[in-house]
Amino acid sequence: MPKIKMPKGSPTIDMTPMVDLAFLLVTFFMLTASFRSAEPVIVETPSSISDKIIPDNVLMVTLDKDGRVFFNLSEPEARREMLTNMLSKYKVSLNEEQIDEFSFMSTFGCTMQELPSYMQTEAAKRASFPTEGIPTDSTHNELLDWISFAAAAAGNTGRTAFEEAKAKGTDPKMEDFKPKFILRVDSKTLYKDAATVIDVFRELNLNNLNFVTSAEAIPVN
281 MPKIKMPKGS
291 PTIDMTPMVD
301 LAFLLVTFFM
311 LTASFRSAEP
321 VIVETPSSIS
331 DKIIPDNVLM
341 VTLDKDGRVF
351 FNLSEPEARR
361 EMLTNMLSKY
371 KVSLNEEQID
381 EFSFMSTFGC
391 TMQELPSYMQ
401 TEAAKRASFP
411 TEGIPTDSTH
421 NELLDWISFA
431 AAAAGNTGRT
441 AFEEAKAKGT
451 DPKMEDFKPK
461 FILRVDSKTL
471 YKDAATVIDV
481 FRELNLNNLN
491 FVTSAEAIPV
501 N
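Residue numbers (this note's numbering): 281 to 501.
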């Protein structure tokens, strides 16, 4: 008997479910992503060949080319604690929604009296908020209070994270969880303005200060 020849055909794969899955994933990431807040100030830092990167639990002071002072604390819980202490000391009020927003903001720079108006301003317009930055005068040094309260709050956050890491059975080093102090200065900033900020850190005995620079070249091993 002659052999029956089976018709040859290439297999096909229905990609419709894959397309549906892709759109579901895209939608999920769009709805759950948290976008980084826009920086209210842009600085051009001096260049160097340092290979160190900015770590977690960071307290950062920024000076723009006009010498205005801006401030940032990276950990949301520490920011809330810091802000609560500042509001209490300066008798300034914010509502709970503004406090929550502040906890997840990036760099900011204004006086305590300007803070309620600053928080009422749309996030996209805060870069043009009319302010001279955080005061550093010897008679009205709000920056000293921000750094002091921030260092204490960041220290508490670091100790909590350290204990949580120990509870997970790892062998963490406490040094890795301590707050890091960073100064970011525009290359056109006057030295006297930077020295004023450095003196604030010295007054608080926070001498392990690091400086942010732009990468100039690949470091040589």
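For every residue, glycine included, the Cβ atom is placed at its ideal position computed from N, Cα and C.
These figures come from a predicted structure and were not determined experimentally.
In this structure, DSSP gives R359 a helical state, which the three-state scheme calls helix. Buried is the label assigned to E361, since at least 16 other Cβ atoms lie within 10 Å of its Cβ. Two segments are said to touch when three or more pairs of C-beta atoms, one from each, lie closer than 8 Å; by this definition the region 373-391 touches the region 337-357.
Looking at D344, L484, A302, the one whose alpha-carbon comes closest to that of K468 is D344. Here R482 is exposed. Its C-beta has fewer than 16 other C-beta atoms within 10 Å.
Here D473 is buried, its C-beta having at least 16 other C-beta atoms within 10 Å. Contact annotation, M366 with F429: C-beta distance approximately 6 Å; criterion of less than 8 Å satisfied. In the DSSP assignment, F429 falls within the alpha helix (DSSP H) that extends over 422-447. Take N488, set aside five residues on each side of it, and the residues of its chain with a beta-carbon closer than 7 Å to its own are F461, in chain order.
For M366, the three-state secondary structure derived from DSSP is helix.
The alpha carbon of F491 has as its nearest neighbour, out of M340, A403, P297, the alpha carbon of M340.
Distance from the CA atom of N421 to the CA atom of V306, rounded to whole angstroms, is 47 Å. Using a 10 angstroms sphere on the CB of G413, the tally of other CB atoms reaches 16 or more, which defines it as buried. Between the beta-carbon of L463 and that of V477 there is about 6 Å, and that keeps the pair under the 8 Å contact cut.
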